[in-house]
Amino acid sequence: MSSSSVVNSISVNLAPVAAEEPAAPQPPAPTPASPEPQRAEEPAGPERGGATAVAERPAQAPSTPKLDKMPPYKVLLHNDDHNDQDFVTIALMQIAAVHPVRAFRIMMEAHDTGVGLVCVTHKELAELKCEQLQSKGLVATIEPA
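Heads up: the sequence shown begins at 595 in the working numbering, then just goes up one per residue.
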């Protein structure tokens, strides 16, 4: 059966239904951009035992892993002699989005012990935060948690 005859048979079959009773929700007509048109031989909806045309859609691509399943990485701030404490605290508030008291504690931990833990997150975000801290002139690294 050609695609034009399928379209004609569908439109002919829909016209009497619309005139007799309120139209039940119908699946959208296939468009040229859709990957696979709906088959006319297999009616959708209650005629197939209540199943809908959803089963005919192509499978979706696998989703990205959840953040809690990704291996954690630590973002570490290292002490340096070039930046003053106020600048480091403000940079931490801007980049790590932490409260000023938390930013001050991270800065003091780095000042007192040589290294301060900024955050623990997945690798991509840890790399981003590390690069952002480095762009402010701070010394930062990441390591597996």
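Just so you know, even glycine gets a beta-carbon here, dropped at the ideal spot from N, CA and C.
- Rounded to whole angstroms, the Cβ separation of Leu-686 and Met-701 is 6 Å, and the two are in contact under 8 Å.
- Here Lys-730 is not near Pro-665, since their CB atoms are 8 Å or more apart.
- Counting only the Cα atoms, Ala-734 lies some 11 Å from Leu-722.
- DSSP, reduced to helix, strand and coil, places Ala-739 outside both helices and strands of the structure shown, so it counts as coil.
- If you draw a straight line from the Cα of Tyr-667 to the Cα of Ile-689, it is about 16 Å long.
- Non-local beta-carbon contacts of Ala-720 in its own chain, meaning distances under 6 Å to residues more than five positions away in sequence, involve Tyr-667, Val-669, Ile-736 in chain order.
- Beta bridge pairing from DSSP links Ala-691 with no other residue.
- The alpha-carbon of Phe-681 is positioned some 17 Å away from that of Gly-708.
- If you compare the alpha carbons of Ala-655, Asp-678, Lys-663, His-672 with that of Ala-704, the shortest gap goes to His-672.
- For His-716, the beta-bridge partners assigned by DSSP are Pro-666.
- For Leu-732 against Asn-677, the beta-carbon gap comes to about 6 Å, under 8 Å, which counts as contact.
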